[in-house]
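Going by the working numbering, the first residue of the sequence shown is number 106, and it counts up by one from there. C-beta: ideal position from N, C-alpha, C; glycine also. None of these values were measured; they are calculated from a predicted model. For reference, the structure is listed below as C-alpha cells.
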Amino acid sequence: MIHDLSVEHHPISSLFPDVNHRTLAEYQLHPKQVDFFHEYGYLSGVRILSDEQVEALGQELARLLDASPEERALFYEYNSNESTDPNHVLFHALGAWRIAPGFHDLLWHPAFTVPAAQLLGGSVRFWHDQLFCKPAHHGGLVAWHQDYSYWTRTQPLAHLTCWIGLDDSNRENGCLHYIARSHHWPDLPITGLAGDMTAINAVLNEEQRREFQHPVAVELKKGEASFHHPRLVHGSFANHSDHSRRATVINVMKDGVRSASNDPLLQGIPAIPAGEKVEGRFFPLLYAPAARS
106 MIHDLSVEHH PISSLFPDVN HRTLAEYQLH PKQVDFFHEY GYLSGVRILS DEQVEALGQE
166 LARLLDASPE ERALFYEYNS NESTDPNHVL FHALGAWRIA PGFHDLLWHP AFTVPAAQLL
226 GGSVRFWHDQ LFCKPAHHGG LVAWHQDYSY WTRTQPLAHL TCWIGLDDSN RENGCLHYIA
286 RSHHWPDLPI TGLAGDMTAI NAVLNEEQRR EFQHPVAVEL KKGEASFHHP RLVHGSFANH
346 SDHSRRATVI NVMKDGVRSA SNDPLLQGIP AIPAGEKVEG RFFPLLYAPA ARS
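Here's what the structure looks like:
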C-alpha cells in the first residue's frame with residue numbers, strides 16, 4: 106500500500122540539506138530582485154536545485170509518467186496528454202508531493218521557501234504542485250493565461266508561482282514566455298490551458314493586445330527557477346526541438362488566505378467551508394520568517 110506523504114509536514118529524505126537560521130540568509134534575494142518582481146511581475150534565473158537534485162527528481166518523474174492506478178488515485182489531476190492537438194503531447198499532473206519523496210521535500214527547500222517569503226511578504230503556505238512535460242519533437246503548448254483565473258476559489262489574492270526547470274529550457278523547446286507588467290491587469294476569463302495561443306485575444310482590449318508584441322522569453326538552465334505573480338499572463342509554445350522540456354511548479358499562498366468556496370479546493374480532498382482559513386493536512390505551512398527583534 107502506498108504511503109500518502111501529505112501526512113508528513115517535514116522533509117523525509119536526505120535530498121536537501123538541513124539548514125539553520127544562520128544559513129537561511131544565504132538564500133535571500135537582493136532587494137533589487139524583489140523590486141524587479143513587483144515592477145514586472147516575475148523574477149527569473151533563481152538557482153533552486155543542484156545538478157544532483159535535478160537528476161534525482163528526474164528519476165522520480167520518469168516513474169510518475171507511468172504511475173500505477175494506486176499512485177494515480179493520489180493525484181488531484183493526472184493527464185497523460187492534456188493537449189487538444191493529437192500530434193502534440195503535454196503531460197500535466199497535480200499532486201506529486203503525495204507520492205514521491207523528492208517532490209515532497211522540495212516544498213520545504215529553503216532555496217525556494219526563503220525567496221518565496223520575500224516575494225509574498227510573509228509566511229508561506231502550500232497551495233498545490235504541478236508537473237509539466239513536453240517530449241522532444243511533439244511537445245504541446247500551454248496557452249496564455251493567468252494562474253489566478255483558476256484560483257478564485259481562494260481569497261484574497263496573495264499567491265505565488267515558482268516554475269523550476271528539470272531540463273534546460275529555451276525558445277526551441279518551449280520555454281516560458283511572460284507579458285511583463287500584466288500582473289497589473291484585472292482578472293481575465295479562462296480561455297483554455299492547452300489549446301490555442303491566440304484564444305486569449307477574445308478577452309483582451311486593444312492596449313493589452315499590443316503588449317503581446319513584446320513577450321519575454323524566459324530561458325533557464327536546469328535547476329533554475331522563475332517566480333511569477335498569479336495575475337501575470339504567461340504561456341509556452343510547443344516543443345519542436347530534439348530535447349525534452351520537463352518542469353515542476355510549486356504554487357503557494359501567503360498564510361491567512363481563506364476558502365471562497367464550499368466545494369473541495371482540490372479534487373478528492375475534504376472541503377474547507379467558505380470564509381475559513383486554508384490550512385490543514387493538504388495545505389501545510391512551509392516557512393515562517395523569523396520575527397526581527
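Counting along the chain, the unbroken beta strand (DSSP E) around R230 starts and ends at V229 to K239.
Just so you know, the alpha carbons of A167 and P240 end up roughly 12 Å apart. Per DSSP, the unbroken alpha helix (DSSP H) holding R177 starts and ends at P174 to R177. The Cβ neighbour count for P261, taken over all protein chains shown within 10 Å, is under 16; the residue is labelled exposed.
Assigned with DSSP and collapsed to three states, K359 falls in strand.
Taking the Cα positions, S188 is about 10 Å away from A248. Membership of E312 in the alpha helix (DSSP H) is indicated by the continuous run E311 to E316. Residue range H264 to G270 is occupied by the beta strand (DSSP E) that includes T266. The three-state reading of DSSP puts F141 in helix, counting H, G and I together. The C-beta distance from V151 to A395 rounds to 21 Å, too long to fall under 8 Å, and the pair is not in contact. Its chain contains R203, R386 and F387 as the residues whose beta carbon lies nearer than 6 Å to that of S111, once the 5 sequence neighbours on both sides are disregarded; these appear in chain order.
A straight line joining the alpha-carbon of M106 with that of E175 spans about 8 Å. A residue is called buried once 16 or more other Cβ atoms fall within 10 Å of its Cβ, and E381, having fewer, is exposed.
By the Cβ test, the region 112-126 is in contact with the region 212-227, since at least three Cβ pairs between them sit closer than 8 Å. Out of L246, D272, R315 and E312, the CA that lies nearest to the CA of G300 is found in L246.
When DSSP assignments are scanned along the region 150-217, the uninterrupted stretches of alpha helix (DSSP H) that are 4 or more residues long and fall wholly within it turn out to be 156-169, 174-177 and 206-211.
The residue among T128, G226 and L199 with its C-alpha nearest the C-alpha of H143 is G226.
Residue burial annotation: Q158 is buried, with at least 16 other C-beta atoms found within 10 angstroms of its C-beta.
Take the alpha-carbon of A376 and the one of V362: they are about 15 Å apart. Annotation: the continuous beta strand (DSSP E) that includes F332 extends over E329 to H333.
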